[in-house]
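> According to this note's numbering, the sequence shown is numbered sequentially starting from 452.
Attaching a single structure in structure tokens format; questions to follow.
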Amino acid sequence: MAKNQVQFQRGLSLPEFMKCYGSEEQCRAALFQWRWPAGFTCPECDHTGYCEIAGRGLYQCHRCHHQTSLISGTIFEYTKLPLTTWFLGMYFLTQSKNGVPALALKRQLGIGYNAAWRLKHKLLQVMKERDDSRLLLGYIQLDDAYWGGERRGGKRGRGAPDKTPFVAAVQTDEEGHPIAMRFTKVKGFRKEEIAQWAQRHLHAASIVVSDGLSCFNGVAEAGCHHEAIVTGGGPASVTLEAFTWVNTMIGNVKNLIHGTYHAISAKHLPRYLAEFCYRFNRRFKLEHMIPRLGYVAVRTPPMPERLLRLAEPWG
Ligand SMILES: [Zn+2]
452 MAKNQVQFQR
462 GLSLPEFMKC
472 YGSEEQCRAA
482 LFQWRWPAGF
492 TCPECDHTGY
502 CEIAGRGLYQ
512 CHRCHHQTSL
522 ISGTIFEYTK
532 LPLTTWFLGM
542 YFLTQSKNGV
552 PALALKRQLG
562 IGYNAAWRLK
572 HKLLQVMKER
582 DDSRLLLGYI
592 QLDDAYWGGE
602 RRGGKRGRGA
612 PDKTPFVAAV
622 QTDEEGHPIA
632 MRFTKVKGFR
642 KEEIAQWAQR
652 HLHAASIVVS
662 DGLSCFNGVA
672 EAGCHHEAIV
682 TGGGPASVTL
692 EAFTWVNTMI
702 GNVKNLIHGT
712 YHAISAKHLP
722 RYLAEFCYRF
732 NRRFKLEHMI
742 PRLGYVAVRT
752 PPMPERLLRL
762 AEPWG
């Protein structure tokens, strides 16, 4: 699909959104439907008979008497915010093209900065886990990329200090059109690191093209066919057709992150990368973004703030 087909698709207008998810009751009904599409199922014993405990928002299993709330065991657990605020947050995060800083969310949602930051990062975590649960399959353009450390006069390129390395992968179709992308923070570009990454993110039937960086031979350990094209570096290498998309997307995502966020912490880079990949991977489906994100959100385990703020050991 051409670029303007993404820009001119219908999307979900704010009035349409408000019509579907404008009240707490509508949001509860939507969450119930996403969490239990076939009707209530007890999280403890799978029994389907239950009653609602009036006024407390709890569901009690008829068999084991376990009580559960709509949001317990999901990313929304422990929240003090109304569901309408969460849904509006999902709306802004999925319908925006450039990402929404927590400071803007704070104003748009009328909540405190920390609450906005938590809401945003929990939703980004949902996006990240969702994309990480799918393997890329097909033609994969692979490259090494770096975030930050672009100081004037400093060392540039691979291995410069203060840079956070990430693997950039773009899945294309046979004609070389981009289908999906996955950007993953890594500790460095060593063969075993790439082998682990490939086992987690690539289908064995994939055909991987990379430049000559030797660590990329690691994708063979995930069963992928690997073709190394030695470019010799320099400006000419980025115009090589085999790498057009991965280079374009690295540039786009860096520009978007720079343009939207003043400074981001390297430890949170994986979620910012996931934010842009998630939206890119669903760029033709703007209209359906809320139910799709919501469906995954009620299947994503809670993430306490302590964990959210910790650096991730593996992107
Ligand atoms: Zn039960």
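Ideal Cβ placement from N, Cα and C applies to all residues, glycine included.
Note that this is a predicted model, so its numbers are computed, not measured.
State the DSSP-derived secondary structure class of residue 598, mapped to helix, strand or coil.
The answer is strand: DSSP assigns residue 598 an E or B state.
> Please determine whether the Cβ atom of residue 515 lies at a distance below 6 Å from any heavy atom of ligand 1.
Yes.
> Quick check: the segment 588-597 against the segment 617-634, are there 3 or more CB pairs under 8 Å?
The segment 588-597 vs the segment 617-634: in contact.
> Residues bridged to residue 511 by DSSP?
Bridge partners of residue 511: 502 and 518.
> Does DSSP classify residue 696 as helix, strand or coil?
Helix.
> Is residue 470 buried or exposed, if buried means 16 or more other CB atoms sit within 10 Å of its CB?
The residue in question, residue 470, is exposed, as its Cβ has fewer than 16 Cβ neighbours within 10 Å.
> Expressed to the nearest angstrom, what Euclidean distance is found between the alpha-carbon atoms of residue 652 and residue 586?
Roughly 5 Å separates the two Cα atoms.
> Does at least one heavy atom of ligand 1 sit under 6 Å from the Cβ of residue 503?
No, ligand 1 has no heavy atom inside 6 Å of this Cβ.
> If we count the other Cβ atoms within 10 Å of its Cβ and call it buried at 16 or more, is residue 605 buried or exposed?
With a pLDDT of 46 at residue 605, under the threshold of 50, the modelled position of this residue cannot be trusted, and the question is left open.
> Taking a contact to mean a Cβ-Cβ separation below 7 Å, would you say residue 517 touches residue 501 in this structure?
No; because the gap between Cβ atoms is not below 7 Å, this pair is not in contact.
> Answer yes or no: the CB of residue 652 versus the heavy atoms of ligand 1, is any distance below 6 Å?
Because no heavy atom of ligand 1 lies under 6 Å away, the Cβ of residue 652 does not count as near it: no.
> Keeping to the same chain, check which residues put their C-beta closer than 6 Å to that of residue 724; ignore five residues upstream and five downstream.
Within the same chain, residue 724 has close Cβ partners 634.
> Would you call the segment 559-570 in contact with the segment 705-714, where contact means no fewer than 3 C-beta pairs closer than 8 Å?
No, they do not touch.
> Can you tell me whether residue 495 sits near ligand 1, meaning its C-beta is under 6 Å from at least one heavy atom of the ligand?
Result yes, Cβ under 6 Å from ligand 1.
> Using a 10 Å radius around the Cβ and a threshold of 16 neighbouring Cβ atoms, would you call residue 581 buried or exposed?
That one is buried.
> What are the start and end residues of the alpha helix (DSSP H) that includes residue 748?
Its alpha helix (DSSP H) spans residues 740-748.
> Mind listing, in chain order, the continuous alpha helix (DSSP H) runs of no fewer than 4 residues lying wholly within the segment 534-591?
Segments of the alpha helix (DSSP H) lying fully in the segment 534-591: 534-546, 553-560 and 564-583.
> Which full runs of the alpha helix (DSSP H) of 4+ residues lie inside the segment 631-689, going along the chain?
642-652 and 686-689, all fully within the segment 631-689.
> For residue 623, which beta-bridge partners are listed by DSSP?
According to DSSP, residue 623 bridges with 590 and 629.
> Thinking C-beta only, is residue 665 closer than 7 Å to residue 591?
Cβ distance not < 7 Å, so residue 591 and residue 665 don't count as in contact.
> So is the beta-carbon of residue 498 under 6 Å away from any non-hydrogen atom of ligand 1?
At least one heavy atom of ligand 1 is nearer than 6 Å to the Cβ of residue 498, so yes.
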